[in-house]
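Which chain is which? The protein sequence lines are G and P, in order. Residue numbers for the first sequence follow our numbering, beginning at 1 and rising by one. Residue numbers for the second sequence follow our numbering, beginning at 326 and rising by one. Every residue, glycine too, gets a C-beta built ideally from N, C-alpha and C.
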Amino acid sequence: MQGLLRGLVYGGLIITVLMTATAWGMWLERKLAARMQSRIGPNVVGKFGLLQPVADLMKLLQKEEIYPIGADRLLFDLAPFLVTTFAIATAAVVPFSAEAVGADLDVGLLWVLALGGLMVIPVWMAGWASNNKFALIGGMRAVAQSISYGVPLVLTSLVAVVFTGTMSLSGIVKFQIEHGWLALWPPGPGVVAFVLFYMALLAESNRIPFDIPEAESELVAGITTEYTGMKFGLLYVGEYVHTMVGSAIAAVIFLGGWDGPFHIASGLHWMVIKTVALFASVYWVRWSLLRFRSDQLMRLCWLYLVPVSLGLVVFAALWRHFVLR
Amino acid sequence: MNARHPGPTSDRYRLEQMDADADLMVLNFGPQHPSTHGVFRIKLILDGEVVVRAIPYAGYLHRGVEKLLERLTFAQGVPIVDKNDYVAPMTNEQALVMAFEKLLKIEVPRRARWMRTIFAELQRIASHMLWLGTFALDMGGALGGGSGVFIYTFRERDYILDLFEMVTGGRFHYNTHTIGGNRHDIPPGWDREVTKVLDLIESRLPEYEAMSSNNAIFVARTKGVGVIDKELALGLGLTGPILRASGVDFDLRRDAPYHAYDELKVNVATATAGDCQARAQVRVAELRDSIRLVRQGLAGLPEGGINGGKPIKMPQQFKTMTGQAYVGIDTPRGELGTFVVAGGGDKGTAPYRCKIRAPSLHALSALPWILPGHTVSDVVVILGSLDPIMGEVDR
Chain G
1 MQGLLRGLVY
11 GGLIITVLMT
21 ATAWGMWLER
31 KLAARMQSRI
41 GPNVVGKFGL
51 LQPVADLMKL
61 LQKEEIYPIG
71 ADRLLFDLAP
81 FLVTTFAIAT
91 AAVVPFSAEA
101 VGADLDVGLL
111 WVLALGGLMV
121 IPVWMAGWAS
131 NNKFALIGGM
141 RAVAQSISYG
151 VPLVLTSLVA
161 VVFTGTMSLS
171 GIVKFQIEHG
181 WLALWPPGPG
191 VVAFVLFYMA
201 LLAESNRIPF
211 DIPEAESELV
221 AGITTEYTGM
231 KFGLLYVGEY
241 VHTMVGSAIA
251 AVIFLGGWDG
261 PFHIASGLHW
271 MVIKTVALFA
281 SVYWVRWSLL
291 RFRSDQLMRL
301 CWLYLVPVSL
311 GLVVFAALWR
321 HFVLR
Chain P
326 MNARHPGPTS
336 DRYRLEQMDA
346 DADLMVLNFG
356 PQHPSTHGVF
366 RIKLILDGEV
376 VVRAIPYAGY
386 LHRGVEKLLE
396 RLTFAQGVPI
406 VDKNDYVAPM
416 TNEQALVMAF
426 EKLLKIEVPR
436 RARWMRTIFA
446 ELQRIASHML
456 WLGTFALDMG
466 GALGGGSGVF
476 IYTFRERDYI
486 LDLFEMVTGG
496 RFHYNTHTIG
506 GNRHDIPPGW
516 DREVTKVLDL
526 IESRLPEYEA
536 MSSNNAIFVA
546 RTKGVGVIDK
556 ELALGLGLTG
566 PILRASGVDF
576 DLRRDAPYHA
586 YDELKVNVAT
596 ATAGDCQARA
606 QVRVAELRDS
616 IRLVRQGLAG
626 LPEGGINGGK
636 PIKMPQQFKT
646 MTGQAYVGID
656 TPRGELGTFV
666 VAGGGDKGTA
676 PYRCKIRAPS
686 LHALSALPWI
696 LPGHTVSDVV
706 VILGSLDPIM
716 GEVDR
């Protein structure tokens, strides 16, 4: 009973904090992008445009809902909610500090990867149900991309698992507190694994240069083409939450989680700083680079990312066997 | 047409035929689409994501400009053609007034000719700047790196529009060319402003190239994509940067000089690959050459009058006009030709017929040949590399 109560409270807390963080994450992104393009960005609603997310939300809530002719209504309605649900559910196992963790699963990493992989289903649902060819192509691309990039994502996570010998996310952090951050130690392979994980993360959360599923110059808006109002908003929020949780996971697996540099002032704030920094870097990349073509994306994944991450797994196993004993 | 480009087959495409024999999909690309550069429509027949056949449809922006020109007197036509190629209005005006001048056998004063050269080259910089931005936008998306390049290049283009505003009072539709010369003389101190803007653009150009044409992703997206070989380019009547990127060393500014190009040395940029990357390289090289030409033009700008005709007596002059004339000039998009037959309108005050040869229309005619075999992503890149302006395609 007490566990259920704790779960409810913590779940509510996660959803609230994550949604709020995402809303102002969008504000942060818009401000960053504006600075990069010598613009000002949102500055009308509230001080520094800080209330812009609220205004956007109000606008989206007031929009008329439009169902395209021939749309599969059930799937069409379900997809945005599933996207957001899966994205938020991932956050349940993320240890923000030694105490602040919703469910410290023994297989936390597996849970994260599984839900991340499941994301492809609602995305495909949205693409299929819209009865729009641009959405359909976007959905097809999303499926191909998510399945391909899921492989290096899992393999690079496996590197961390092999090193640390645990699938619990807080276990991985505790190991790093003891032995050093995986991105820095052992020197070399750890950094490579981190970079590969980061690239796969960009692809999984559909960010430039891997954002072909919703390449708006080609596919109008990809899977979101036919969505209006808050359903469009939810698809959008789901992607942002996915990116943010992904950044948090990357911080946990490779950057030592809540551990401060040289164990200085370890705690929740370090986790927040690392997550926001990674989140911002995703948008830095997004607003600087052009986009790959889908076949180039696949080539990059299967010819470079997958073999290299496989090699890393082998290296991790050898290191574990001979050095860490 | 040749082995490499089998060309669009002649039989009309029918849906029931397509559905019967293969899993093909018809995708209506445009006219309302973010990257059709206006209101252009291509019907794409896709096998998965690969284009099997492409059928372009133009005409969504038709305004009847050529018919309008038959109803208006010669001098009234100039502000109309401003709206044809709305990215390079200066060269549109020049093409029209030069045809009328040829018909009337009016000699344009030397200063006016030099001014037209400067305007044309400044317009080329502005137009190519816009192209670079939109091309990056096609590749990087409105919510990505492409929009960064777009906003930067759009800013530089705005500086050039500022320069035009100083001379003509208009930022977009100038109406500054008249039959026999120019309407507005260059204001004092303008050359300093021009030099300032050119220095700025020249110093920032490497940065934009690093963000677009020298970027590894840009190269990956453009190299070997949308190849137009020499034979096809000549066969379709392609001109300008597209023709030069296909290895044909032809530029009206050098080979049939007009304005003051006979006194200035034009370096014609060419490339041989004929793909999107080659077209981008040619345009960026032209951009640099135009900056040099404007500098030379300003340095050598002669003194004197800027209008050889007598504007008040124009209608009377036209009454007796007969004959026909064709003038082609090299605009940022290629050869813009104006063919005019005199003797129309009320008592012969207007052209009987005025045909405008728009380079973008010819550029778009290459699409059915080069699109098949490419993916939907490449369609956008190829279309962007042709730099079509629907205003002059549909007229």
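By the rule that beta-carbons nearer than 8 Å mark a contact, histidine 362 of chain P does not touch chain G. For serine 710 of chain P, not one C-beta of chain G is nearer than 8 Å to its own C-beta. For isoleucine 40 of chain G, the three-state secondary structure derived from DSSP is coil. Any Cβ of chain G closer than 8 Å to the Cβ of valine 701 of chain P would place that residue at the interface, and such an atom is present. Not a single CB atom of chain G sits nearer than 8 Å to the CB of alanine 445 of chain P.
If you draw a 10 Å sphere on the C-beta of methionine 58 of chain G, you find fewer than 16 other C-beta atoms in it, and that means exposed.
Under the three-state reduction of DSSP output, proline 381 of chain P falls in the strand class.
Taking a contact to require three or more Cβ pairs closer than 8 Å, the stretch 197-209 of chain G and the stretch 295-315 of chain G qualify as touching.
Contact of isoleucine 695 of chain P with chain G is not assigned, every C-beta pair being separated by 8 Å or more.
Secondary structure note for phenylalanine 489 of chain P: it is in no beta strand (DSSP E), and the uninterrupted alpha helix (DSSP H) holding it is 470-493.
For the pair of segments examined, the stretch 250-260 of chain G was found to touch the stretch 171-182 of chain G: the number of CB pairs separated by less than 8 Å reaches three. Within chain G, not a single residue places a beta-carbon under 8 Å from that of leucine 525 of chain P; the smallest gap is close to 13 Å.
Counted as a single uninterrupted DSSP element, the stretch harbouring cysteine 301 of chain G is not any beta strand (DSSP E), since DSSP gives it neither H nor E. Between leucine 457 of chain P and valine 474 of chain P a beta carbon distance of about 7 Å is seen, short of the 8 Å cut, so the two are scored as contacting. The Cβ atoms of tyrosine 385 of chain P and proline 356 of chain P sit closer than 8 Å to each other.
Histidine 502 of chain P is bridged by DSSP to P:Asn507. Minimum Cα-Cα distance from phenylalanine 543 of chain P among the listed residues P:Gly629, P:Ala624, P:Arg396 and P:Met464 corresponds to P:Met464. The continuous stretches of beta strand (DSSP E) do not include isoleucine 212 of chain G, and DSSP gives it neither H nor E. Lys133, Phe134, Leu136, Ile137, Met140 and Arg141: these are the residues of the stretch 116-147 of chain G whose beta carbon lies less than 9 Å from some beta carbon of chain P, given in chain order. Collapsing the DSSP output to three states places threonine 595 of chain P in coil.
In the three-state DSSP reduction, isoleucine 553 of chain P falls in the coil class, being neither helix nor strand.
Membership of tyrosine 198 of chain G in the alpha helix (DSSP H) is indicated by the continuous run 189-204. Bridge partners of methionine 350 of chain P according to DSSP: P:Leu371. About 6 Å separates the CB atoms of valine 403 of chain P and valine 422 of chain P; that is less than 8 Å, so the two are in contact.
Per the DSSP secondary-structure output, glycine 662 of chain P pairs in a beta bridge with P:Gly653 and P:Arg682. Here the C-alpha atom of isoleucine 380 of chain P lies approximately 15 Å from the C-alpha atom of leucine 349 of chain P. Valine 519 of chain P and serine 710 of chain P have their C-alpha atoms roughly 28 Å apart. The DSSP-derived three-state label of valine 120 of chain G is helix. Using a CB distance below 8 Å, no part of the stretch 180-201 of chain G faces chain P.
With a cut-off of 8 Å on Cβ pairs, the stretch 121-128 of chain G is in contact with the stretch 71-80 of chain G, counting three or more such pairs. A Cβ of chain P is located within less than 8 Å of the beta carbon of tryptophan 287 of chain G. The three-state secondary structure of asparagine 417 of chain P, taken from DSSP, is helix.
In this model, alanine 203 of chain G and serine 146 of chain G are separated by some 7 Å (Cα to Cα). Considering only P:Thr700, P:Glu717, P:Val705 and P:Pro627, the residue with the shortest C-alpha distance to valine 377 of chain P is P:Thr700. Secondary structure at valine 54 of chain G: helix, using DSSP grouped into helix, strand and coil.
Under the 8 Å criterion on CB atoms, serine 472 of chain P is classed as interfacial with respect to chain G.
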